[in-house]
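Engineer:
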Amino acid sequence: MSRQSKTHHVARSVAKSVRFTSRAIVFGLSVTANAENLDTSLAALSCLGCHADIEQPATGRLAEPASLRGLDVNAMVSVLRDYREGKRSGTVMNRIAAGLKDADIEGIARFLGKRQ
Amino acid sequence: MNPRRRFLRLLAASGLGWSLGGCVSSRYLRGTGPGRVVVVGGGFGGVTAARYLKLMNPALSVTLVEPRDTYFSCPGSNEAIAGLSGLGTLERSYATVSRAFDIKKVNAQATHLDRPRRRIVLSDGSEVPYDRLILSPGIDFRWDAIEGYDEAASRTVPHAWKAGPQTAMLARQLRAMPDGGRVLITVPANPYRCPPGPYERASLIACYLKKHKPRSKVLILDAKTRFSKQPAFEQAWRELYGDMLEWISSEKQGRLERVDAAARSVETEFDTFRADVLNVIPPQKAGALAEVSGLTDGSGWCPVDPMSFASPFDSAIHVIGDACQAAPMPKSAFSANSQAKVCAAAVIASLAGEPPPEPLLINHCYSLVAPDEAISISGVYGYSWNDGQLATRSAGETPPDGDRKREAAYARIWQRNFRADVFGY
Ligand SMILES: Cc1cc2nc3c(=O)[nH]c(=O)nc-3n(C[C@H](O)[C@H](O)[C@H](O)COP(=O)(O)OP(=O)(O)OC[C@H]3O[C@@H](n4cnc5c(N)ncnc54)[C@H](O)[C@@H]3O)c2cc1C
């Protein structure tokens, strides 16, 4: 990639990531009318450390701990519960889900799910 | 634009205007008047904090004090040492971060704090005022802890425990080493930055040697008797490197007594080890600024209230990342990132005169044991109302028979996504 197009590429992906993350945050705050919800959305922010909302390339094996965009809130709740209860096998998510209470799972799903 | 209008605009842009009802009265948005938040230290903790402060409240004035123009990520630096990647992929520019997120960057070293006047004093004598200060200065080395290993010695015998020129030096020395040589890595007692990092480094160096200098050896001289992810590391070492890689517990060799940088040798209580490439990872403490500002205790680290990461010595100052004591969380980039988000929310709440939200924190760290094999450790941490400390909600690591190939694919995605979550790209 030429230096110029590389800079352009970097600028584009920064802009994308800003857009998506601020959308996540705005959405999170918009459902945090009370303290309890606010607290669980803090847990969801840590999820973005791995599931950063940047676009994955269309090819290759980079599909798994990828963007959670487009996931339905209820689907996310049941996936997280299944991980926690060992009904769904995984490498990492079982261990993380084991530390989440029902309210955390619901808060995380409301925060991260249902984004287009 | 006033903060509320700005927020409404953001909300509209996100297509979520319908859910506005309760949110305007949310405590995050009340009292969003002027607040000067200054972050010192542009590492994983500091940049995450600065960025998330702006995301949570775009009206806030956020300043980042950091002397360098670019940051070098330690995660990924062991791969650079083993020649699997270049240093370039680890570098991030503050100019880009500052532009994209509307964060003011001050290019200077903070030399001390004027706490009564809430000012940071910079190396050129100028001052930066703050209403709230977030410190994420990372670590400094205890240059007085090992006889013969001081800052001057580290110019020829690298620690490579802060990424950048030190990483490049260790990589060069490894390349120049003859086949049949010995690489010796010394590891300090807990707590230190990145508990599994030395063992990842030993693995990847062994991998490089196996391919390019197969008669060579890697020796780890440890100040501990056990280490992070030990069963999974030892299983991988047996399978991949056999007796090329040897770990020596402090039970066998006792204390590390002395380093002779010129002779590239180290003395323990019982033996002397000569090396062709010597990597001394010295004992550590919180970044010097925390110490000179009176924010550390006898341990050399900064105690904090894990609800907000505020210092018990000064409620206007929060300390996050490696510099703080947030046991049982390990000192990792992931922890620093998770703490930064909790801290940003607490700072915004406190500027609004509100109590901080209850935190939930996560750590998850991969270690590559070969270019396409990795293991990991994770933990979820909640707040314990009993003792005001963090309590482990769940903890786990890759079992010895885990799927290392799959985790290596995840590890690569993590590095990329994680840097993007912090630096935006
Ligand atoms: C080899 C290695 C591998 C690692 N791998 C991983 C991994 O895979 N996953 C993981 O989660 N963690 C990993 N880590 C750990 C991770 O690098 C640290 O935990 C993380 O960098 C801590 O972030 P921080 O913000 O506390 O400090 P840092 O990232 O060190 O940032 C501190 C910043 O503060 C600045 N600063 C210091 N003092 C001042 C001052 N007085 N004025 C102005 N600026 C100042 C410094 O210039 C620096 O930029 C690894 C570490 C090493 C060494």
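Chains as they are written, first to last, in this note's numbering: chain A, 1 to 116; chain B, 1001 to 1425. C-beta atoms are modelled at their ideal positions from N, C-alpha and C, and glycine is treated no differently.
1) What residues from the region 1369-1392 of chain B come within 7 Å of chain A, judged by C-beta to C-beta, listed N to C?
2) Taking 7 Å as the cut-off, is the beta-carbon of Arg1099 (chain B) closer than that to any non-hydrogen atom of ligand 1?
3) If we cut at 8 Å on Cβ distances, does Arg110 (chain A) have a partner in chain B?
4) Looking at Ile1220 (chain B) and Ile1248 (chain B), is the spacing between their C-beta atoms short of 8 Å?
5) When we look at the beta-carbon of Lys1211 (chain B) and count the other beta-carbons within 10 Å, is it buried (16 or more) or exposed?
6) Is Ser1378 (chain B) closer than 8 Å to Gly1402 (chain B) when the C-beta atoms are compared?
7) Identify whether Ile1281 (chain B) lies in helix, strand or coil by the three-state DSSP scheme.
8) Can the beta-carbon of Leu1361 (chain B) be found less than 8 Å from the beta-carbon of Ser78 (chain A)?
9) What do you get for Asn74 (chain A), buried or exposed, if any count of 16 or more other CB atoms within 10 angstroms of its CB means buried?
10) Any heavy atom of ligand 2 inside 7 Å of the beta-carbon of Gln1284 (chain B)?
11) Tell me which residue opens and which closes the beta strand (DSSP E) that Ile1186 (chain B) is part of.
12) Is it buried or exposed for Leu100 (chain A), if we count other Cβ within 10 angstroms and need 16 for buried?
13) Within 8 Å (strictly less), CB to CB, does Ile96 (chain A) reach chain B?
14) Between the C-alpha atoms of His1112 (chain B) and Leu1133 (chain B), what's the straight-line distance to the nearest angstrom?
15) Using DSSP's beta-bridge definition, name the partner residues of Ala1392 (chain B).
16) Examine chain A for any beta-carbon lying closer than 8 Å to the beta-carbon of Leu1360 (chain B), and answer yes or no.
17) What are the boundary residues of the beta strand (DSSP E) that includes Trp1247 (chain B)?
18) Where Tyr1410 (chain B) and Pro1356 (chain B) are concerned, what is the direct C-alpha to C-alpha distance, given to the nearest angstrom?
19) Take Tyr1425 (chain B) as the anchor and find which of B:Val1039, B:Arg1051 and B:Val1038 has the nearest alpha-carbon.
20) Run the proximity test for Arg1051 (chain B): is its beta-carbon closer than 7 Å to any non-hydrogen atom belonging to ligand 1?
21) Enumerate in chain order the residues of its own chain whose CB-to-CB distance from Pro1400 (chain B) is below 6 Å, with the five nearest sequence positions on each side excluded.
22) May I ask you to verify whether the region 1096-1103 of chain B touches the region 1192-1201 of chain B, counting CB pairs closer than 8 Å and requiring at least 3?
23) Less than 7 Å separating the Cβ of Leu1361 (chain B) from some heavy atom of ligand 1?
24) Closer than 8 Å, CB to CB, is Leu45 (chain A) near chain B or not?
25) Can you find at least 3 beta carbon pairs, one from the region 1058-1074 of chain B and one from the region 1089-1098 of chain B, that sit closer than 8 Å?
26) Please list, in chain order, the chain A residues whose beta carbon lies closer than 8 Å to that of Glu1407 (chain B).
27) Taking buried to mean at least 16 other C-beta atoms within 10 Å of its own C-beta, is Gly1388 (chain B) buried or exposed?
28) On the DSSP bridge assignment, give the partners of Leu1256 (chain B) in chain order.
29) Excluding five sequence neighbours on each side, which residues of the same chain lie with their C-beta closer than 8 Å to the C-beta of Cys1302 (chain B)?
30) Out of B:Ala1352, B:Met1307, B:Leu1368 and B:Ala1316, point me to the one whose CA is closest to Ser1338 (chain B)'s CA.
31) If you draw a straight line from the alpha carbon of Val1439 (chain B) to that of Asn1057 (chain B), how long is it in whole angstroms?
32) Under a CB-based cut-off of 8 Å, is Gly49 (chain A) close to chain B?
33) Could you tell me the alpha carbon to alpha carbon distance between Phe111 (chain A) and Ala1080 (chain B), rounded to whole angstroms?
34) For Glu1358 (chain B), does the three-state DSSP call read helix, strand or coil?
35) Would you say Leu71 (chain A) lies against chain B (beta-carbon separation less than 8 Å)?
Structural biologist: Considering the structure as presented:
1) Ser1376, Ser1378 and Val1380
2) no
3) It does not; no Cβ of chain B falls within 8 Å.
4) Going by C-beta atoms, Ile1248 (chain B) is nearer than 8 Å to Ile1220 (chain B).
5) The residue in question, Lys1211 (chain B), is exposed, as its Cβ has fewer than 16 Cβ neighbours within 10 Å.
6) no
7) coil
8) no
9) Per the 10 Å Cβ criterion, exposed.
10) Within the structure as shown, ligand 2 is missing, the only ligands being ligand 1.
11) According to the sequence shown, residue 1186 (chain B) is Thr rather than Ile. Where Thr1186 (chain B) is concerned, the enclosing beta strand (DSSP E) stretches over Arg1182 to Val1187.
12) buried
13) The beta carbon of Ile96 (chain A) falls within 8 Å of a beta carbon belonging to chain B, placing the residue at that interface.
14) Each residue's Cα considered, the two are about 13 Å apart.
15) Per the sequence shown, the amino acid found at residue 1392 (chain B) is Thr instead of Ala. Partner(s): B:Tyr1381.
16) yes
17) Leu1245 to Ile1248
18) Approximately 33 Å, taken between the alpha carbons.
19) B:Arg1051
20) no
21) The residues are Pro1231, Ala1232 and Gln1235.
22) no
23) no
24) yes
25) yes
26) Thr91 and Val92
27) exposed
28) According to DSSP, Leu1256 (chain B) bridges with B:Thr1268.
29) Same-chain partners within the cutoff: Leu1135, Ala1286, Ala1290, Leu1295, Thr1296, Ser1311, Val1319, Ala1323, Cys1324 and Gln1325.
30) B:Met1307
31) The structure shown has nothing for residue 1439 (chain B), since chain B only spans 1001 to 1425.
32) yes
33) 36 Å
34) coil
35) Not an interface residue.
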